[in-house]
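A.B. asks: If you scroll down you'll find the structure; I have some questions about it.
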Amino acid sequence: MKIRVTPDRPLPLVRAWSWVQDSRWALYSIGHGIFRSRLPAAYATGKREPVLIIPGVFENWTMMRRLCDRINAAGHPVHVLLGLSRNTMPMAQAAAVTAAYLRENSLDQVIVLAHSKGGLIGKYLLVKDPSVSIKHLIAIASPFAGSPYARLVRHPVISGFREDDALLLELGAQVTCNTRITTITPAFDPYIPAGSALEGAQNYRVASSGHFRVLGDPAVADLVLRTIAQASSPKM
């Protein structure tokens, strides 16, 4: 198995246009989410395995609404971490909020669907908190190896995504739990050029581009649902 999935490196103009499209999609989703921020009552229903949603930094759950709707329509109750707000708290604190939610809601063998920083939170729990019951982590566009652009932004949350960040290096050195992780890497991610693949994980590279737009791709939703079904089977 290839343990590193490196996205395409298109020409500069193509990269710039992809970044513009990605940013437009993100801004639209944020704006749309302001007017549709209430959790649907249907998310609490479903007889199949529960799925916990962990969005990325500066995001809330509405960025992943299309995926949430598809998952719930397939019969899974969808759990959303409102306590994370915009997910700007330090990694350890965000992981503690997540673990507390899992315990308070008695979620056992939960499947986690995460975007960007959310994937790091999921792996943090797999590595550092064996008391929580996570069956499988699906991480979309997550900077497990950091981002070279993190040095350019003076924000404590973003600085935690530097390629030499001590916590990222610590999590990266832990590979045993990667067999319980599926990574999904866009064809081109303007923020994470190295991709999201992990040694020992099930790594997918999809045709759609964009750190955010990938969340709205129906083909990615299909892949997520297939992965959830596989993770739910007794053999997984």
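Going by the numbering used here, the letters in the sequence shown line up with residues 24 to 259, in that order. We put the beta carbon where it would ideally sit given N, CA and C, even for glycine.
Quick one: residues in its chain with C-beta nearer than 6 angstroms to the C-beta of residue 271, no 5 flanking neighbours on either side, listed in chain order?
C.D. replies: Not covered by the structure: residue 271. The range shown for the chain is 24 to 259.
A.B. asks: Just list the alpha helix (DSSP H) runs in the region 176-200, keeping only unbroken ones of 4 residues or longer that don't cross its boundaries, in chain order.
C.D. replies: 179-182 and 189-196
A.B. asks: Please return the same chain residues whose Cβ sits closer than 6 angstroms to the Cβ of residue 152, not counting the five positions on each side in sequence.
C.D. replies: For the purposes of this step, residue 152 is taken as residue 129 along the sequence shown, with counting starting at 1. Cβ within range, chain order: 122.
A.B. asks: Need the endpoints of the beta strand (DSSP E) that residue 137 sits in, please.
C.D. replies: Position 114 of the sequence shown, counted from the first residue, corresponds to residue 137. Start and end: 133-138.
A.B. asks: Quick one: what's residue 226 bridged to in DSSP?
C.D. replies: For this step, residue 226 is matched to residue 203 along the sequence shown. Its beta-bridge partners are 206.
A.B. asks: Among 106, 251, 66 and 86, which residue has its Cα nearest to the Cα of residue 206?
C.D. replies: Numbered from its first residue, the sequence shown carries residue 206 at position 183. Closest option to residue 206, Cα to Cα, is 251.
A.B. asks: Ignoring anything shorter than 3 residues or poking outside the region 61-130, list the beta strand (DSSP E) runs there in chain order.
C.D. replies: 74-77 and 101-103
A.B. asks: Suppose the cutoff is 8 angstroms on Cβ atoms and the five residues either side in sequence are ignored; what does the same chain contact list for residue 248 look like?
C.D. replies: Along the sequence shown, one-based indexing puts residue 248 at 225. Here the set comprises 93, 94 and 97.
A.B. asks: Would you tell me roughly how many angstroms separate the C-alpha atoms of residue 173 and residue 127, rounded to the nearest one?
C.D. replies: Walking along the sequence shown from the start, residue 173 turns up at place 150. Walking along the sequence shown from the start, residue 127 turns up at place 104. Using only the alpha carbons, I get a separation of about 34 angstroms.
A.B. asks: Who are the Cβ neighbours of residue 117 in its own chain at under 7 angstroms, not counting the five residues just before and after it?
C.D. replies: As a working mapping, residue 117 is identified with position 94 in the sequence shown. Around residue 117: 107, 110 and 144.
A.B. asks: DSSP three-state call for residue 215: helix, strand or coil?
C.D. replies: The residue you call residue 215 lines up with position 192 of the sequence shown. The answer is coil: DSSP assigns residue 215 none of H, G, I, E or B.
A.B. asks: Quick one: what does DSSP say residue 160 is sitting in, helix, strand or coil?
C.D. replies: Position 137 of the sequence shown, counted from the start, is the residue given in the question as residue 160. Of the three classes helix, strand and coil, the one that applies to residue 160 here is strand, per DSSP.
A.B. asks: If you compare alpha carbons, which of 188, 244 and 163 is closest to residue 220?
C.D. replies: As a working note, residue 220 is residue 197 in the sequence shown. Looking at the Cα atoms, 163 is the closest of the given residues.
A.B. asks: Apart from the five residues just before and just after residue 149, which ones in its own chain have a Cβ nearer than 7 angstroms to its Cβ?
C.D. replies: If you number the sequence shown from 1, residue 149 lands on position 126. Closer than 7 angstroms at Cβ, skipping near neighbours: 157, 160, 200 and 203.
A.B. asks: Assign residue 113 to buried or exposed, taking buried as 16 or more other Cβ atoms, counted over all protein chains shown, within 10 Å of its Cβ.
C.D. replies: Taking the sequence shown and counting its residues from 1, one reaches residue 113 at position 90. Its Cβ having fewer than 16 others within 10 Å, residue 113 is exposed.
A.B. asks: Sorted by chain position, which residues of the same chain lie with C-beta nearer than 6 angstroms to residue 191's C-beta, five sequence neighbours on each side aside?
C.D. replies: Position 168 of the sequence shown, counted from the start, is the residue given in the question as residue 191. Excluding sequence neighbours, residue 191 sits near 169.
A.B. asks: My guess is that residue 231 and residue 209 are in contact by the Cβ rule of under 8 angstroms, so how many angstroms apart are they, rounded?
C.D. replies: As a working note, residue 231 is residue 208 in the sequence shown. As a working note, residue 209 is residue 186 in the sequence shown. That belief holds up - the Cβ atoms of residue 231 and residue 209 are roughly 6 angstroms apart, short of 8 angstroms.
A.B. asks: Considering residue 246, what are the terminal residues of the alpha helix (DSSP H) in which it resides?
C.D. replies: In the sequence shown, the residue the question calls residue 246 occupies position 223. 241-255 is the span of the alpha helix (DSSP H), which, as asked, contains residue 246.
A.B. asks: Would you mind sorting residue 211 into buried or exposed? The rule is 16 or more other CB atoms within 10 Å of its CB.
C.D. replies: Counting from one through the sequence shown, the residue named residue 211 turns up at place 188. With 16 or more Cβ atoms within 10 Å of its Cβ, residue 211 is classed as buried.
A.B. asks: With distances taken between CB atoms, is the gap from residue 77 to residue 141 smaller than 8 angstroms?
C.D. replies: The residue you call residue 77 lines up with position 54 of the sequence shown. The residue you call residue 141 lines up with position 118 of the sequence shown. It is a contact, given that the beta carbons lie within the stated cut-off.
A.B. asks: How big is the Cα-Cα spacing for residue 85 and residue 60?
C.D. replies: Residue 85 sits at position 62 when you count from the first residue of the sequence shown. Residue 60 sits at position 37 when you count from the first residue of the sequence shown. About 7 angstroms.
A.B. asks: Under the three-state reduction of DSSP, which class applies to residue 141: helix, strand or coil?
C.D. replies: Sequence index remark: in the sequence shown, residue 141 carries index 118 (1-based). Residue state, collapsed to three classes: helix.
A.B. asks: Between residue 63 and residue 99, is the Cβ-Cβ spacing less than 8 angstroms?
C.D. replies: Within the sequence shown, the letter at position 40 stands for residue 63. Within the sequence shown, the letter at position 76 stands for residue 99. Not closer than 8 angstroms, so no.
A.B. asks: Are residue 48 and residue 228 closer than 8 angstroms when you measure CB to CB?
C.D. replies: Along the sequence shown, one-based indexing puts residue 48 at 25. Along the sequence shown, one-based indexing puts residue 228 at 205. The answer is no: Cβ separation not under 8 angstroms.
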